[in-house]
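I have placed the structure first, in the form of structure tokens, so that the comments after it can refer back to it.
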Amino acid sequence: MSNDNNDEFDLFDLPLEEYLSDPLAELLESKLSESYKDDTIAYDVLLNQYVYQLKLLANKITPSDGYLISGSGPAWYYHPTTRDFIKCERGIEVHPVSTNVKPNKEGNIMVRTASTYLLIPFDELIKVGFN
0 MSNDNNDEFD LFDLPLEEYL SDPLAELLES KLSESYKDDT IAYDVLLNQY VYQLKLLANK
60 ITPSDGYLIS GSGPAWYYHP TTRDFIKCER GIEVHPVSTN VKPNKEGNIM VRTASTYLLI
120 PFDELIKVGF N
């Protein structure tokens with residue numbers, strides 16, 4: 000609490016309203032302006048609204064189809080962040096980054112593995128669906 004008196008209090012030192020959606024930011028601002036004596040009420044209101052917005056986001060998310068890298072043994076694929084080639088085992092499951100699964104003009108598609116992102120030729124992928 001930044002004020003010594005109990006008339007008003009600051010829940011956050013950072014402008015949290017900038018990171019929240021407009022309705023949640025407005026609610027937070029209105030609740031803070033009511034000068035709560037008990038911090039737990041403001042915390043409960045904020046937490047309930049945050050959980051509610053997370054539920055709305057979770058309902059919009061659809062799982063991506065899984066793909067396998069065809070073949071067996073090691074292969075080298077381009078890592079776009081480091082601009083280097085990374086050794087990767089064929090047969091692992093990967094997921095396209097984009098929901099629009101179309102290869103670029105070179106015939107590659109950006110996928111994520113368990114630990115990194117790679118550009119893999121589209122013809123080396125086998126669609127297995129959601130597992």
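Letter by letter, the sequence shown follows residues 0 to 130 in numbering that gives the first Met the number 0.
For each residue, glycine too, the CB sits at the ideal point set by N, CA and C.
{"Query": "Cβ neighbour criterion (16 or more within 10 Å) applied to residue 125", "Result": "exposed"}
{"Query": "Sub-8 Å separation of residue 118 and residue 79 beta-carbons", "Result": "yes"}
{"Query": "As assigned by DSSP and simplified to three states, the class of residue 92", "Result": "strand"}
{"Query": "Any 3 or more C-beta pairs closer than 8 Å across the segment 58-72 and the segment 90-100", "Result": "yes"}
{"Query": "Segment limits, beta strand (DSSP E) that includes residue 107", "Result": "107-111"}
{"Query": "Distance, residue 86 Cα to residue 106 Cα", "Result": "19 Å"}
{"Query": "Identity of the residues DSSP links to residue 83 by a beta bridge", "Result": "78"}
{"Query": "Distance between residue 101 and residue 127 (C-alpha atoms, nearest Å)", "Result": "16 Å"}
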